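Whatever position you read off the sequence shown (first residue = 1), add 17 for the working numbering.
This report refers to the structure that appears directly beneath it.
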Amino acid sequence: MDEDGPVTRDRVFGRLPDGRDVRLLTIGAEPGPVVEVLTLGATVHRLLVTGGDDQRRNVVLGHPDVDERLASGDYVGGTIGRYANRIAGGRFPLAGREVEVGAHDRGNSLHGGPDGFDVRLWDVVSHTADEVVLSMVSPDGDQGFPGEVAVTTTYRVVGDAVTVTMEANTDATTVVNLTNHAYLNLDGEGAGTVDDHELLVEADEFTPVDATGIPTGGHEPVSGTPFDLREPRLLGPVVRAEHPQVVDARGIDHDYVVRGTGLRRAAALTSRRTATSVELWTDQPGLQVYTGNFLDGTRRGTGGRRYRQGDGIALEPQLHPDSPHHPEWPSATLEPGETYRAALEWRFVAPRN
Numbered sequence: 018m019d020e021d022g023p024v025t026r027d028r029v030f031g032r033l034p035d036g037r038d039v040r041l042l043t044i045g046a047e048p049g050p051v052v053e054v055l056t057l058g059a060t061v062h063r064l065l066v067t068g069g070d071d072q073r074r075n076v077v078l079g080h081p082d083v084d085e086r087l088a089s090g091d092y093v094g095g096t097i098g099r100y101a102n103r104i105a106g107g108r109f110p111l112a113g114r115e116v117e118v119g120a121h122d123r124g125n126s127l128h129g130g131p132d133g134f135d136v137r138l139w140d141v142v143s144h145t146a147d148e149v150v151l152s153m154v155s156p157d158g159d160q161g162f163p164g165e166v167a168v169t170t171t172y173r174v175v176g177d178a179v180t181v182t183m184e185a186n187t188d189a190t191t192v193v194n195l196t197n198h199a200y201l202n203l204d205g206e207g208a209g210t211v212d213d214h215e216l217l218v219e220a221d222e223f224t225p226v227d228a229t230g231i232p233t234g235g236h237e238p239v240s241g242t243p244f245d246l247r248e249p250r251l252l253g254p255v256v257r258a259e260h261p262q263v264v265d266a267r268g269i270d271h272d273y274v275v276r277g278t279g280l281r282r283a284a285a286l287t288s289r290r291t292a293t294s295v296e297l298w299t300d301q302p303g304l305q306v307y308t309g310n311f312l313d314g315t316r317r318g319t320g321g322r323r324y325r326q327g328d329g330i331a332l333e334p335q336l337h338p339d340s341p342h343h344p345e346w347p348s349a350t351l352e353p354g355e356t357y358r359a360a361l362e363w364r365f366v367a368p369r370n
């Protein structure tokens, strides 16, 4: 069990190798959610909630210090950009030319590059009892992406919900696709695998991928596959299914096509052990479900335990992967004068029977 204890709303969490301070900012109050946010990566460090068993616990994975966070490479809790997910070959067409952004992950670009937004130091714009706003500027040519892009991430506690709003503007044509990479474990951080969790995803289709995580073509129906999560299913049997897409990914690491448009429920995750449930709401067309397949025990968590395969699940709302190569899908292109906006909410609710 995790107790909130006396709350320090703004403190130094650690220092970067260049000597700059990383701050930890707290929002919210008991009995509702309390969120600790790091200026390193605009990262959700801890998220404390009261479960249906009336116990207070942290339900997201995180790392105990700056060095561990920088060395992990697991994106835990971070704001991901410029382009969340993968771009095939690290290159794509844009405004009549070929843009090359590097291929650091099995021949592809992943999560904006090796020096993505999740490992940048963000500035604090404002910080109140229930809200923190962070910003950063990504210069023209950053990781190969064109245009200077100004980004803000806003975390807010509203009742039993935590909202995340990400916005971006550019001075030149570019692509933007932002998400949050929090890993959830409703049994509590460090409690072991999420195999006992039930997951529902509001999607009739998913996006099959090749061995490097790149879409093989279009979307396909989930019906008749382990990817059919239209009714709540235990994760343990899902991630061990004898399906080539599951076997190749060592679990689920796939994009779902969320039904509907606008802000709507995309997924629901439940732990019967702790009687805790969270609904993920978003305005994005896709939801990347990642079952922590490559957490390998080399990195420690905030509670001191090492994270192993399946110890958390990331529900990442975003545009569909490799969308610059799929003009038939919602576009990641951002033009000067436009504002990119993506929203997600974690709504903590009583588990449904």
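Virtual Cβ for every residue (Gly too), placed ideally from N, Cα, C.
Computed from a prediction, not measured in an experiment: that's the story for all the values here.
Run through DSSP, which three-state label would residue i get?
{"i": "Ser89", "result": "helix"}
{"i": "Asp270", "result": "strand"}
{"i": "Phe365", "result": "strand"}
{"i": "Ala112", "result": "coil"}
{"i": "Asp135", "result": "helix"}
{"i": "Ala360", "result": "strand"}
{"i": "Ser126", "result": "strand"}
{"i": "Ser143", "result": "strand"}
{"i": "Val263", "result": "helix"}
{"i": "Asp221", "result": "strand"}
{"i": "Pro344", "result": "coil"}
{"i": "Asp27", "result": "strand"}
To which residues of the same chain is residue i closer than 8 Å at the C-beta, ignoring the five residues directly before and after it?
{"i": "Arg247", "result": "Leu217, Val218, Glu219, Ala220, Asp221, Val239"}
{"i": "Gly234", "result": "Pro225"}
{"i": "Ala189", "result": "Asp157, Pro163, Gly164, Glu165, Pro353"}
Just reading off the beta strand (DSSP E) that residue i is part of, what are its end residues?
{"i": "Val226", "result": "Careful: Val226 lies outside any beta strand (DSSP E) and carries neither H nor E."}
{"i": "Leu216", "result": "214-218"}
{"i": "Glu184", "result": "178-187"}
{"i": "Glu206", "result": "No beta strand (DSSP E) contains Glu206, which DSSP labels as neither H nor E."}
{"i": "Val166", "result": "166-175"}
{"i": "Ile330", "result": "330-335"}
{"i": "Ser155", "result": "148-155"}
{"i": "Arg323", "result": "323-325"}
Please classify residue i: is it buried, with 16 or more other beta-carbons within 10 angstroms of its beta-carbon, or exposed?
{"i": "Gly79", "result": "buried"}
{"i": "Thr169", "result": "buried"}
{"i": "Leu55", "result": "buried"}
{"i": "Pro302", "result": "buried"}
{"i": "Pro59", "result": "First, the residue type needs correcting, since residue 59 is Ala and not Pro in the sequence shown. Ala59 is buried by the Cβ-count criterion."}
{"i": "Glu47", "result": "exposed"}
{"i": "Thr145", "result": "exposed"}
{"i": "Ala349", "result": "buried"}
{"i": "Glu215", "result": "buried"}
{"i": "Val272", "result": "In the sequence as displayed, the identity of residue 272 is Asp instead of Val. That one is buried."}
{"i": "Glu355", "result": "exposed"}
{"i": "Phe311", "result": "exposed"}
{"i": "His260", "result": "exposed"}
{"i": "Thr191", "result": "buried"}
{"i": "Thr315", "result": "exposed"}
{"i": "Ala409", "result": "This structure gives no information on residue 409, because the portion of the chain shown stretches from 18 to 370."}
{"i": "Val154", "result": "exposed"}
If you drop the 5 nearest sequence neighbours on each side, which residues of the same chain put their C-beta closer than 6 Å to that of residue i?
{"i": "Val142", "result": "Val150, Ser152"}
{"i": "Gly205", "result": "Arg74"}
{"i": "Gly230", "result": "Arg103"}
{"i": "Ala331", "result": "His198, Tyr200, Tyr307"}
{"i": "Gly95", "result": "Gly58, Thr60, Asp135, His198"}
{"i": "Ala185", "result": "Val166, Val168, Val193, Tyr357"}
{"i": "Arg227", "result": "The sequence given here places Asp at residue 227; Arg does not occur at that position. The answer, listed in chain order, is Thr233."}
{"i": "Gly130", "result": "Gly119, Gln160"}
{"i": "His446", "result": "Residue 446 falls outside the range modelled here, since the chain spans only 18 to 370, and no answer is possible."}
{"i": "Arg14", "result": "Outside the displayed span of the chain (18 to 370) sits residue 14, for which this structure offers no information."}
{"i": "Leu252", "result": "Val211, Asp212, His214, Leu216"}
{"i": "Ser288", "result": "Leu203, Asp204, His214"}
Starting from residue i, trace the alpha helix (DSSP H) in both directions and tell me its first and last residue.
{"i": "Gly253", "result": "252-256"}
Once you ignore the five residues that flank residue i on each side, which residues in its own chain have a CB closer than 7 Å to its CB?
{"i": "Ala367", "result": "Gly69, Ser294"}
{"i": "Leu33", "result": "Val39, Val83, Leu138"}
{"i": "Ile104", "result": "Val118, Asn125, Ser126, Asp339, Pro341"}
{"i": "Phe109", "result": "Val116, Pro341, His342"}
{"i": "Arg63", "result": "Glu53, Asn75, Val77, Gly79, Thr319"}
Whole beta strand (DSSP E) runs in the segment 29-100 with 3 or more residues, listed along the chain? You should have 38-45, 51-55, 60-67, 73-75.
Please give me, in chain order, every unbroken run of the beta strand (DSSP E) with length at least 3 that falls completely inside the segment 283-318. Whole beta strand (DSSP E) segments, 3+ residues: 293-299, 303-307, 313-317.
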